[in-house]
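In my numbering, the protein residues as written are -7 to 58.
Just so you know, even glycine gets a beta-carbon here, dropped at the ideal spot from N, CA and C.
One structure is given here, and the rest of the page talks about it.
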Ligand SMILES: [Zn+2]
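The structure is reproduced here in structure tokens:
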């Protein structure tokens, strides 16, 4: 009678290079999340008094040069 068609489940391919999440706004690239090079935690972005990334886990701070 009728042949049963085997449906292959669509496999979701894991994205490569998605450690950093970029958002493109106004021709400038804003870094949303940054991982601490020391402990791997998500770092917090601070603008004042100077732009920097700070890790709340190990207190690692990376200053951004303007
Ligand atoms: Zn850290």
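Problem - Status (buried if at least 16 other CB within 10 Å, exposed otherwise) for residue 47 - result: To locate residue 47, count along the chain shown from 1; it is residue 55. Buried, since its Cβ has 16 or more Cβ neighbours within 10 Å.
Exercise for the section: Count the other C-beta atoms from every protein chain shown that fall within 10 angstroms of the C-beta of residue 31, then say buried if there are 16 or more, exposed otherwise. Expected result: By 1-based counting over the chain shown, the position of residue 31 is 39. Burial call: exposed.
Practice task
Give the single residue among -3, 50, 57 whose Cα lies nearest to the Cα of residue 44.
Solution key: Position 52 of the chain shown, counting from 1, holds the residue named residue 44. The shortest C-alpha separation from residue 44 is found at 57.
Handout entry: Heavy atom of ligand 1 within 7 Å of residue 25 beta-carbon
Key = On the chain shown, position 33 is the one that residue 25 refers to. No, the beta carbon of residue 25 sits no closer than 7 Å to any heavy atom of ligand 1.
Problem - Own chain residues within Cβ distance below 6 Å of residue 63, not counting five before or after - result: With the chain running from -7 to 58 in the structure shown, residue 63 is simply not present.
Practice task
Label residue 50 either buried or exposed according to how many other C-beta atoms from any shown protein chain fall within 10 Å of its C-beta, with 16 as the threshold for buried.
Solution key: Taking the chain shown and counting its residues from 1, the one referred to as residue 50 is at position 58. Classification of residue 50: exposed, given that the 10 Å Cβ count is below 16.
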